[in-house]
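Have a look at the structure below before the remarks.
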Amino acid sequence: MTGADYVAVNKALWDERVPIHVASDFYDVAGFKAGGQTLRDFELAEVGDVTGLHLVHLQCHFGLDTLSWARRGAHVTGLDFSEKAIEAARAVADETGLEARFVASDVYEAPTALGDTYDIVYTGLGALCWLPDINRWSQVVASLLRPGGFVYLAEFHPFADTLDEDEGRTVAYDYFAEGPQIWDEPDAGSYADPQASVQHTRSVEFVHGLGEVVTALANSGLRIDSLHEHDYTLWQRYSTLERHGTAYRLPNGRPRIPLMYSLRATKPETA
0 MTGADYVAVN
10 KALWDERVPI
20 HVASDFYDVA
30 GFKAGGQTLR
40 DFELAEVGDV
50 TGLHLVHLQC
60 HFGLDTLSWA
70 RRGAHVTGLD
80 FSEKAIEAAR
90 AVADETGLEA
100 RFVASDVYEA
110 PTALGDTYDI
120 VYTGLGALCW
130 LPDINRWSQV
140 VASLLRPGGF
150 VYLAEFHPFA
160 DTLDEDEGRT
170 VAYDYFAEGP
180 QIWDEPDAGS
190 YADPQASVQH
200 TRSVEFVHGL
210 GEVVTALANS
220 GLRIDSLHEH
230 DYTLWQRYST
240 LERHGTAYRL
250 PNGRPRIPLM
260 YSLRATKPET
270 A
């Protein structure tokens with residue numbers, strides 16, 4: 000499958016899901032407009048105070064995480080390849096009175112599309128699996144950072160992707176899989192609304208192990224400051240997960256596994 004093919008397939012899927020997600024209880028746009036925020040506690044602790052800093056959110060979807068950083072005092076820019084998502088993000092920004100710039104662009108074209116550099120490059124959960132080339136992505140990240148700035152990445156753990164989709168008890172998928180993974184799930188709806196009726200059910204995803212991501216960032220000249228693995232996730236990924244507030248964990252007594260990770264890496268002040 001060519002680059003144009005995977006972009007077209009995934010863009011059709013995400014364009015269709017924007018209005019579904021905006022209307023869903025999962026995203027709770029009404030709660031956000033009323034003053035809520037969508038960032039996780041560990042993200043807030045690991046990123047720290049963003050007051051007055053310039054932050055760009057790559058693959059921002061319709062911008063709730065982006066605008067949450069704005070609500071905490073950052074000057075924010077969001078970028079996504081879906082024009083429909085960017086339109087929705089701008090609408091939420093207008094309705095909340097939060098200042099933000101939203102740009103429609105493929106992430107690999109971000110330096111040209113944005114024409115700026117930032118104190119923080121942020122990318123949130125479920126972003127990297129849509130990108131075929133992590134080395135190229137890491138070079139984009141490095142080029143967007145000002146000296147002394149840092150990238151902060153929160154992601155679902157790639158080990159969790161290897162387990163069976165029912166109970167998460169057995170290894171069913173290849174951790175080191177290469178090339179595109181093509182999925183067609185006509186009855187899955189959307190993660191935000193499994194009952195939603197959708198026409199575009201195919202997606203093209205890519206596997207990126209933890210070592211691949213860390214090495215790509217290091218090879219792009221960034222210093223790895225921290226890498227944390229988390230034993231919970233944010234949705235009912237396996238039937239065996241139990242809900243604890245906003246977190247989903249394996250039952251007590253079952254060996255824990257990493258379900259999410261977070262990484263911070265800094266661009267040195269001088270070469």
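Under numbering that gives the first Met the number 0, the first residue of the sequence shown carries the number 0, and numbering increases by one thereafter.
We put the CB at the ideal spot given by N, CA and C, even for glycine.
8 angstroms contact criterion, which VAL102 and ILE85 should meet: CB distance rounded:
About 7 angstroms separates the Cβ atoms of VAL102 and ILE85, confirming a contact at the 8 angstroms cut-off.
Of the residues TYR231, GLU184, PRO179, THR116, which one's Cα is nearest the Cα of PHE149?
Considering only alpha carbons, the answer is THR116.
Under the three-state reduction of DSSP, which class applies to GLY96: helix, strand or coil?
The answer is coil: DSSP assigns GLY96 none of H, G, I, E or B.
Following the continuous alpha helix (DSSP H) through LEU113, name the residue where it begins and the one where it ends.
Annotation: the continuous alpha helix (DSSP H) that includes LEU113 extends over 109-113.
I'd like to confirm the pairing. Which residues does DSSP put opposite TRP182 in its beta bridges?
According to DSSP, TRP182 shares a beta bridge with SER202.
Beta-carbon contacts of GLY208 that lie in its chain and below 7 angstroms, excluding the five residues immediately before and after:
Excluding residues within five positions, the ones whose Cβ falls inside 7 angstroms are PRO157, TYR174, PHE175.
Selected residue, minimal CA-CA separation from PRO250, among GLY210, LEU240, GLY188, GLY125
For PRO250, the nearest C-alpha among the options comes from LEU240.
Determine the closest residue to ALA88 out of LEU63, GLN235, SER261, TYR107, with distance taken between C-alpha atoms.
Nearest C-alpha to ALA88: LEU63.
Can you check whether the CB of THR161 is closer than 9 angstroms to the CB of TYR172?
With respect to THR161, TYR172 sits close: the two C-beta atoms are nearer than 9 angstroms.
Rounded to whole angstroms, how far is the Cβ of SER189 from the Cβ of ILE19, which I believe are closer than 8 angstroms?
Their Cβ separation, rounded to whole angstroms, is 5 angstroms, which keeps SER189 and ILE19 in contact under 8 angstroms.
From VAL203 to TRP129, what does the alpha carbon distance come to, in whole angstroms?
The alpha-carbon of VAL203 is positioned some 7 angstroms away from that of TRP129.
Assign THR245 to one of two classes, buried (16 or more other C-beta atoms within 10 Å of its C-beta) or exposed (fewer than that).
Exposed is the call here.
Through-space distance from VAL21 to VAL28, alpha-carbon basis:
If you take the alpha carbons of VAL28 and VAL21, they lie about 6 angstroms apart.
PHE31 vs LEU66 beta-carbon contact at 9 angstroms
Inclusion of PHE31 and LEU66 in the CB contact set at 9 angstroms is warranted, their separation being smaller than that value.
Since ARG222 and ALA264 are thought to touch, with beta carbons under 8 angstroms apart, how far apart are those beta carbons, to the nearest angstrom?
In this structure ARG222 touches ALA264 by the C-beta definition: roughly 6 angstroms separates them, less than 8 angstroms.
Identify whether ALA176 lies in helix, strand or coil by the three-state DSSP scheme.
In the three-state reduction of the DSSP assignment, ALA176 falls in the coil class, being assigned neither a helical nor a strand state.
Once you ignore the five residues that flank HIS199 on each side, which residues in its own chain have a CB closer than 6 angstroms to its CB?
So the list reads ALA11, LEU12, GLU15, once near-sequence residues are dropped.
For TRP182, count neighbouring C-beta atoms within 10 Å of its own C-beta (all shown protein chains included) and say buried if the count is 16 or more, exposed if not.
Its Cβ having fewer than 16 others within 10 Å, TRP182 is exposed.
Hey, how far is the Cα of PHE80 from the Cα of GLY123?
Looking at the two C-alpha atoms, the distance is approximately 15 angstroms.
Identity of the residue in ARG100, LEU38, ALA126, GLN58 nearest VAL279 by Cα
Look at the range of the chain in this structure, 0 to 270, and you will see that residue 279 is not part of it.
Supposed close pair ARG248, TYR231 - CB separation, criterion 8 angstroms:
That belief holds up - the Cβ atoms of ARG248 and TYR231 are roughly 5 angstroms apart, short of 8 angstroms.
Among the residues of its own chain, which have a CB less than 6 angstroms from the CB of LEU262, if the five just before and after it don't count?
Within the same chain, LEU262 has close Cβ partners LEU152, LEU226.
By the three-class DSSP mapping on this structure, what secondary structure does TYR5 have?
Looking at TYR5 - three-state DSSP - the assignment turns out to be helix.
Does DSSP put PRO146 in a helix, a strand or coil?
PRO146: strand per DSSP, three-state reduction.
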